[in-house]
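Residue numbers (the numbering used here): 686 to 1275.
Each residue gets a CB set at the ideal place from its N, CA and C atoms; glycine is no exception.
Values in this document were obtained by computation on a predicted structure and should not be read as measured data.
Report on one structure; see the data block that follows.
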């Protein structure tokens, strides 16, 4: 990436940081420094960094704040928010500082990675594992491979397909759990500590009116689609499937009167998409909107970087997908609307406790033990008891849900996921058994998985909700009408909230800093994006894996990647978990 590196340091450590930046060709336009007190300074590395700083605040990205009826783009949008944005969703990183402390936060669901490390005279924070590891090397500091984390993340499923706990692949680099930020105190010694409530403390509640929350969320979706579609010079594109989630966004656009300004697409490039596309066509014919209409020309931007160096300095070790596939960003002035983020409401891992997660797994004892311990650690870091009957979904909300929707942020940070609202997460985790939120939660019961999703659909647009879905699914008309009466009837015009767009997406710098790209190239990631080169690089790094068990598992991972890439002929960016895991071994071959 690196979207941001923030280092708080004394004079001696600052000289080491500056020399390291110079060696990697970090330009002045991507470097900012300010004195904090007589002994300490802050250095920030970020693309077009001046565009993201106002006074003693750095902000990069997009904040979605339903509580304030606002979506903020860039630092000026952030500064214009009329109240507290604690609990804001979106994809952003923000830092502010004074003479006592530096405070660093990101969106509440952790769509932006946030890691930290420290050494003599410095504390460093970044969204790039590779960059932090390389900074440690510049100080002559050891990076120890985290055996348990590596064994756990060797499992090839979505439970292990991204960050899963406060531990990273490097023992000396820690992950900040979703919901929280980091505060660096400027006392006699620099000290970093977590601050803010963990995610479960924000979600697990019983003093909530679920109907009011659902109506408020629906009103925000309808108002936000209209507000985003009205941004001058930008185009909103809705990716429509045959399922429930993206249809909520379509319902919001219809209810908010935004369809004339939204471009709707439905994929039909592989046989698996045929049913989705058929359903999308039905909806387009019924409501007379164009589907897959040719887009007007928009300026493309080529970052001129190897996609693999972009990946290595952004997602390596954090989210297991090998993206981007190109360094060219097409349609750069386009806001993409999808159903991503719905997992905060409906979940994704079966609504069970820690034991239930492992009920269907067939793993060797060493890897199962490591994965179990890591997931339990991840749950506790979020404020979750692993015995809770919704522990799996709180873990999903705190790790996979945010990262899965934000794989693009190395290229841009203007993504908006309208279903990723904290209020919807609260509704999804309300108990239906009448007991207090934390009383005997190991036996708690919750609403049917899709109920909140279908509630939003019926509130926004009953006729659209009753249309067919892919896979032969359908909503029963009588049941929907009854449920709509329970919810107080359709959303009224007064409930379609006028959403303010603060700042402009043009204000958000897009693309990685030179620093991460240069580090990734020096560390061996500047290779061709094809199977043979990727597999050869992975094989060359096996010797650097310190633990025998991890090395053998890594050998199996490379074999699995070879099967997908060579035997099955899959493109690297669609080749599943094993390909990025295999290539990521280069992290250790420094």
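Going by alpha carbons, who is nearest to residue i out of the options?
i            : options                   : result
residue 822  : 704, 925 and 929          : 704
residue 769  : 750, 786, 782 and 761     : 750
residue 1155 : 880, 909, 903 and 931     : 931
residue 1218 : 1237, 1256, 1200 and 1189 : 1256
residue 1003 : 1056, 812 and 1104        : 812
residue 800  : 793, 806, 787 and 818     : 818
residue 1326 : 925, 739, 910 and 972     : No answer is possible for residue 1326: the residues shown for the chain start at 686 and end at 1275.
residue 688  : 814, 1065, 702 and 699    : 814
residue 830  : 1236, 1259 and 1245       : 1236
residue 808  : 734, 835, 735 and 726     : 726
residue 992  : 1012, 1001 and 1006       : 1012
residue 990  : 1205, 713 and 1223        : 1205
residue 1060 : 907, 834, 1160 and 1178   : 834
residue 874  : 1164, 694 and 1023        : 694
residue 796  : 1192, 1118, 1230 and 1090 : 1090
residue 907  : 943, 1170 and 893         : 943
residue 735  : 975, 1179, 714 and 825    : 714
residue 1230 : 1121, 1247 and 1275       : 1275
residue 876  : 827, 697 and 786          : 786
residue 852  : 1064, 868 and 1267        : 1064
Near residue i, what residues of its chain come up, given a Cβ to Cβ distance below 8 Å and the 5 sequence neighbours on each side ignored?
i            : result
residue 1195 : 732, 986, 1014, 1017, 1096, 1097, 1098 and 1099
residue 1137 : 899, 1030, 1031, 1109, 1112 and 1113
residue 983  : 920, 1015, 1016, 1017, 1018 and 1019
residue 1033 : 843, 1078, 1081, 1085 and 1086
residue 866  : 788, 789, 790, 791, 799, 879, 880 and 881
Tell me whether residue i is buried or exposed, calling it buried when 16 or more other Cβ atoms sit within 10 Å of its Cβ.
i            : result
residue 847  : buried
residue 1228 : exposed
residue 1221 : exposed
residue 1251 : exposed
residue 686  : Reliability of the predicted coordinates at residue 686 is poor, the pLDDT of 44 falling under 50, and no value is obtained from them.
residue 994  : buried
residue 1215 : exposed
residue 1046 : exposed
residue 951  : buried
residue 1124 : exposed
residue 850  : buried
residue 1177 : exposed
residue 709  : buried
residue 698  : buried
Going by the CB atoms, is the gap between residue j and residue i shorter than 9 Å?
i            : j            : result
residue 691  : residue 789  : yes
residue 776  : residue 742  : no
residue 643  : residue 783  : A query on residue 643 cannot be resolved here, the shown segment of the chain reaching from 686 to 1275 and no further.
residue 1181 : residue 904  : yes
residue 922  : residue 962  : no
residue 1079 : residue 1114 : yes
residue 773  : residue 793  : yes
residue 744  : residue 728  : no
residue 854  : residue 1269 : yes
residue 1198 : residue 737  : no
residue 1184 : residue 755  : yes
residue 1149 : residue 935  : yes
residue 913  : residue 1025 : no
residue 862  : residue 1107 : no
residue 1159 : residue 1147 : no
residue 998  : residue 1202 : yes
residue 956  : residue 1258 : no
residue 1200 : residue 816  : yes
residue 901  : residue 1186 : no
residue 1169 : residue 929  : no
residue 700  : residue 890  : no
residue 1000 : residue 1092 : yes
Less than 6 Å between C-beta atoms, sequence neighbours within five positions excluded: which residues of the same chain meet that for residue i?
i            : result
residue 927  : 960, 961, 964, 1154 and 1155
residue 1272 : none
residue 798  : 812 and 1003
residue 953  : 962
residue 758  : 747, 1188, 1189, 1190, 1192 and 1193
residue 885  : 1067, 1068, 1069 and 1079
residue 1116 : 1129
residue 723  : none
Looking only at its chain, what residues have a beta carbon closer than 7 Å to the beta carbon of residue i, apart from the 5 residues adjacent to it on each side?
i            : result
residue 1110 : 888, 1029, 1030 and 1082
residue 1075 : 1036, 1114, 1129 and 1131
residue 1245 : 841 and 1263
residue 977  : 950 and 951
residue 974  : 944 and 949
Can you find a heavy atom of the ligand FAD that lies under 8 Å from the Cβ of residue i?
i            : result
residue 1255 : Absence of the ligand FAD from the depicted structure is noted, as is the absence of any ligand whatsoever, leaving it without description.
Check your understanding: Between the region 1238-1254 and the region 823-839, are three or more C-beta pairs nearer than 8 Å?
Key -> Because the criterion of three Cβ pairs below 8 Å is met, the region 1238-1254 and the region 823-839 touch.
Point to revise | Stretch pair the region 937-952 + the region 1202-1213: three plus CB contacts closer than 8 Å | key: no
Check your understanding: Is there contact here, the region 1037-1044 with the region 1063-1078, by at least three beta-carbon pairs under 8 Å?
Key -> Touching, per the Cβ criterion.
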